[in-house]
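Chains as they are written, first to last, in the numbering used here: chain W, 1 to 260; chain X, 1 to 177; chain Y, 1 to 352.
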Amino acid sequence: MAVVFERPKSLIDIPTHYCPGCTHGIVHRILCEVIDEMGIEGDTIGVCPVGCSVMAYDYFNCDMIEAAHGRAPAVATGVKRTNPDKFVFTYQGDGDLAAIGTAETVHVAARGENIVVIFINNTIYGMTGGQMAPTTLPGQVTQTTPFGRDPELAGYPVRVSEMVSTLSGCALAQRVAVDSVPHIREAKKAIRKAFENQKAGKGLSLVEVLSTCPTNWGLTPIEAIKRLQDEMIPYYPLGVYKDVDEGVFPKHSDSEGGEK
Amino acid sequence: MATTEILLAGFGGQGILFAGKILAYCGLTDGKELSWLPSYGPEMRGGTCNCSVCISDKPIGSPLVLTPDILIAMNQPSFDKFVKEVRPGGKVFYDSTLIEADCDRTDIELFGIPSQQLADDNALRGGSNIILLGKLIKETELFSVETMKKGIEKVVPPSKAALIPNNFKAIEIGMSN
Amino acid sequence: MERNLMKGNEALAEAAIRAGCKCFFGYPITPQTELAAYMAKRMHKAGGVFLQAESEIAAVNMVLGAASTGVRAMTSSSSPGVSLKSEGVSYIAGSDLPAVIINVQRGGPGLGGIQPSQADYWQATKALGHGDFQLIVYAPASVQEMVDFVVKAFDRADKYRMPAMILADGLLGQMMEPVSFPEINADAYDKSSWAADGHKFKREHHIINSLYLKPDELENSIVERYKRYDIIKETETDAELYLTEDCDILLCAFGATARVVKSAVNDARALGIKAGLFRPKTLWPFPVKEINEAAKTAKTLLSVEMSMGQMVDDIRLAINCSRPVEFYGRTGGVIPTPAEVLEQIKRIGGTL
């Protein structure tokens with residue numbers, strides 16, 4: 001019988017520590033499908049965050065580095081600058097990327113580092129048990145916003161794709177979701193594009209993935225998907241916020257280059 | 001030769017560190033042990049500036065000059081502050097254009113020349129510091145003129161090599177005053 | 001060998017490049033900025049990477065990333081910036097990565113001042129970050145030693161897979177002295193068993209990591225690391241002993257302060273006082289054997305530092321409190337003078 005569906009080779013065949021219904025597994029899978037399809041596992045170095053995906057180094061079969069909280073873009077910069085021929089990606093959650101690591105996020109994009117940033121936005125700190133994230137929606141109840149996030153008290157959410165898209169070194173800023181098959185296909189296409197951008201030396205490519213956290217949201221997996229669709233997507237619209245096809249730096253042979 | 005401790009002091013922009021560097025390179029040229037230590041920080045933006053240079057046949061201990069054998073002073077506050085600290089038997093070289101030497105010490109030698117005026121008269125803008133170095137080698141046994149010229153050649157950056165003859169001229173003016 | 005005249009900060013940078021440093025990540029801070037400026041000018045010609053990071057924190061984590069791939073990497077700063085780096089240093093140590101960190105110390109705490117200081121001794125030798133770990137800490141006292149110790153630091157960092165620090169100060173960083181660059185044959189260490197530089201489908205994937213959720217696994221990793229530390233304590237200590245054979249009073253000082261103290265020791269000898277100098281070149285590991293050798297005939301020890309006396313306890317422990325250890329220091333950026341130190345020698349020790 002012909003095999004029509006199998007596990008990506010770059011995704012190690014062991015049980016993960018993720019909760020039932022968590023969408024990390026989907027994102028891991030499509031990321032690994034891209035790595036396999038491009039045949040780059042042997043030349044890829046991934047950088048893990050601190051957060052739920054802290055142990056992703058056990059799941060990806062490429063070489064992996066565990067960074068301090070928020071510092072994955074800096075670590076990735078060190079890797080890429082000294083190994084420009086390798087593929088480098090970070091895999092970061094919302095607390096890691098948009099709170100403690102905001103400076104690293106902004107500057108990795110400002111510098112146009114030729115790497116891929118996969119950003120998992122599930123509006124909550126999962127690993128530590130459900131506290132407010134920088135992306136927690138107004139009114140959302142978390143352990144540290146027990147009466148719902150009040151912007152006057154706790155500030156407004158950060159829209160990362162929009163923010164990063166304003167930086168000249170950003171080649172791709174796209175927000176996708178993994179709530180449905182069409183969206184998952186779209187997400188995979190975005191990740192593929194991000195890696196192709198890196199291959200072509202275009203600059204920083206960020207793919208923001210709207211994800212769920214049934215455990216800390218206190219919802220069933222199906223209810224969680226519905227919340228993503230009904231509450232998150234309206235606040236965080238899907239789409240391409242930046243796509244610089246010619247790359248963020250002028251080509252050396254092209255004297256007319258510069259910022260577009 | 002025991003250690004010669006030199007202190008150069010003045011305003012930022014007068015070429016204090018530059019003159020100190022020339023002395024340091026003179027030491028290097030003559031195969032001496034030496035150290036050069038600038039005051040650093042806000043001084044570079046126009047405040048007072050000073051520079052310690054030690055020249056010796058032995059390894060240098062503390063590079064910070066507190067009781068100089070030789071003081072080169074280029075403004076009044078520096079003269080007033082440091083002339084008291086000069087070691088007995090020491091020598092003070094100062095710009096008499098800018099400094100009124102009010103000092104009653106008899107155990108040190110004072111050599112004042114109008115180096116700023118001489119620089120202006122000879123179209124050697126900014127050469128006051130080098131004129132004082134010329135005076136220094138005339139009145140001490142520290143370095144020969146040849147060594148001093150080699151020092152200048154090392155310190156003047158290649159992009160300003162055209163200024164080397166001016167510096168040589170400044171040395172000569174210092175030596176003849 | 002050709003003698004060059006260089007600032008300490010520049011000599012550090014040039015020596016690092018010659019020692020095979022392939023990347024430098026830094027952030028401006030007085031009084032070490034010349035180092036970064038020199039790297040910016042020189043590194044690309046040497047085929048390496050210079051990058052000004054957005055913060056000290058980012059800089060040290062870039063070092064972590066580069067070091068993870070097996071590349072010789074370095075960062076430098078001065079005291080307040082080194083505090084920011086402490087997070088990354090702890091991760092580098094916990095991930096068993098080699099790296100070189102330079103601290104050209106200035107006065108603290110807080111923003112402190114910009115003049116020379118040695119008040120980061122405790123930070124460097126006891127607690128540059130959380131957790132059970134050490135750095136090898138070198139304390140140069142001349143521009144030449146800036147060169148020699150950087151070369152050594154890169155070598156030992158690779159050899160023991162751990163961070164090494166050059167603990168200098170603003171005086172050494174800013175001063176110029178003649179310096180020669182020895183022929184450096186950077187020993188090549190084979191990093192292929194651990195470096196995360198892409199497996200090329202030829203080996204299992206490598207993981208650079210400091211996270212162990214099982215306590216016994218974490219304990220094992222630390223115990224293994226401390227076995228390496230034991231070897232280092234046995235083999236890597238280094239110190240200068242000056243006029244110690246017959247000394248009644250043994251002065252202890254490191255870095256720039258040791259130069260001041262040496263002048264004072266010479267002055268004391270001229271007065272007939274039997275003073276000697278013990279100068280640790282490694283602060284961790286502390287040269288225990290060497291200080292006991294130096295203190296053989298001493299009745300009193302006197303530690304002189306540009307701090308409030310951070311080395312005193314290490315001296316007391318090293319000699320088992322067998323003799324009194326006195327302290328004289330200036331802090332906040334004030335440099336002690338030979339005359340002040342001589343007064344202390346007269347007061348304490350060999351009064352005639």
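Cβ atoms here follow ideal geometry from the backbone N, Cα and C, with glycine treated the same way.
Taking 8 Å as the threshold (beta carbon to beta carbon), is residue i in contact with chain X?
i: Y:Met306; result: no
i: Y:Ile29; result: no
i: Y:Ser117; result: no
i: Y:Arg42; result: no
Does residue i pass the burial test, meaning 16 or more other C-beta atoms within 10 Å, or should it be called exposed?
i: W:Gly258; result: For W:Gly258, the predicted structure reports a pLDDT of 44, less than 50, and the residue's modelled location is therefore unreliable. The matter cannot be settled from this model.
i: X:Ala19; result: buried
i: Y:Arg106; result: buried
i: X:Ala2; result: exposed
i: Y:Arg259; result: buried
i: Y:Tyr229; result: buried
i: X:Ser115; result: buried
i: Y:Ser193; result: exposed
i: Y:Gln123; result: buried
i: X:Tyr40; result: buried
i: Y:Lys262; result: buried
i: W:Lys242; result: buried
i: Y:Lys274; result: buried
When the cut-off is 8 Å and only beta carbons count, does residue i lie next to chain Y?
i: W:Tyr57; result: yes
i: W:Asp254; result: Below a pLDDT of 50, predicted positions are generally treated as unreliable, and W:Asp254, at 48, falls in that range; the measurement from the model is reported next regardless. Taking Cβ atoms only, chain Y never reaches closer than 8 Å to W:Asp254, which makes this a no.
i: W:Glu104; result: yes
i: W:Val75; result: yes
i: X:Ala19; result: no
i: W:Arg81; result: yes
i: X:Pro63; result: yes
i: W:Gly148; result: no
i: X:Pro38; result: yes
i: W:Thr166; result: no
i: W:Ile124; result: no
i: X:Ala9; result: no
i: W:Thr44; result: yes
Please report the straight-line C-alpha distance between residue i and residue j, rounded to a whole angstrom.
i: W:Val27; j: W:Asp96; result: 17 Å
i: Y:Leu167; j: Y:Tyr138; result: 6 Å
i: W:Ala98; j: W:Arg71; result: 11 Å
i: X:Ser210; j: X:Cys54; result: Because chain X here runs from 1 to 177, residue 210 of chain X falls outside it and cannot be looked at.
i: Y:Asn220; j: Y:Lys191; result: 22 Å
i: Y:Ile92; j: W:Gly78; result: 13 Å
i: W:Ala177; j: W:His183; result: 6 Å
i: W:Ala133; j: Y:Ser307; result: 42 Å
i: W:Arg227; j: W:Val54; result: 25 Å
i: Y:Lys233; j: Y:Leu250; result: 23 Å
i: X:Gly112; j: Y:Ala11; result: 37 Å
i: Y:Cys23; j: X:Ile108; result: 53 Å
i: X:Val65; j: W:Asp85; result: 53 Å
i: Y:Ser210; j: W:Ile118; result: 22 Å
Among the candidates the options, whose CA atom is the shortest distance from the CA of residue i?
i: X:Asp95; options: X:Glu33, X:Asn75 and X:Asp102; result: X:Asn75
i: Y:Asp267; options: Y:Glu224, Y:Asp216, Y:Tyr212 and Y:Val341; result: Y:Val341
i: W:Gly126; options: W:Gly93, W:Val240, W:Pro157 and W:Met232; result: W:Gly93
i: Y:Thr235; options: Y:Leu301, Y:Ala37 and Y:Thr282; result: Y:Thr282
i: W:Asp150; options: W:Asp63, W:Thr136 and W:Ala187; result: W:Thr136
i: Y:Asp169; options: Y:Ala318, Y:Ala195, Y:Ala196 and Y:Gln115; result: Y:Gln115
Considering only their Cβ atoms, is the gap separating residue j from residue i smaller than 8 Å?
i: Y:Asp248; j: Y:Lys214; result: no
i: Y:Pro178; j: X:Gly61; result: no
i: W:Ala194; j: W:Gly247; result: no
i: X:Lys91; j: X:Glu33; result: no
i: Y:Val312; j: Y:Ser322; result: no
i: W:Val141; j: W:Gly148; result: yes
i: X:Ile70; j: X:Leu136; result: yes
i: X:Ile72; j: X:Leu118; result: no
i: Y:Ala40; j: Y:Ile17; result: no
i: X:Leu110; j: X:Gly174; result: no
i: Y:Phe133; j: Y:Ser90; result: yes
i: Y:Ala256; j: Y:Ala141; result: yes
Do we get a CB-CB distance below 8 Å when we pair residue i with the residues of chain C?
i: W:Lys202; result: In summary, chain C is missing from the structure at hand, where the protein chains are W, X and Y.
For chain W, find out if any of its Cβ atoms is closer than 8 Å to the Cβ of residue i; answer yes or no.
i: Y:His199; result: yes
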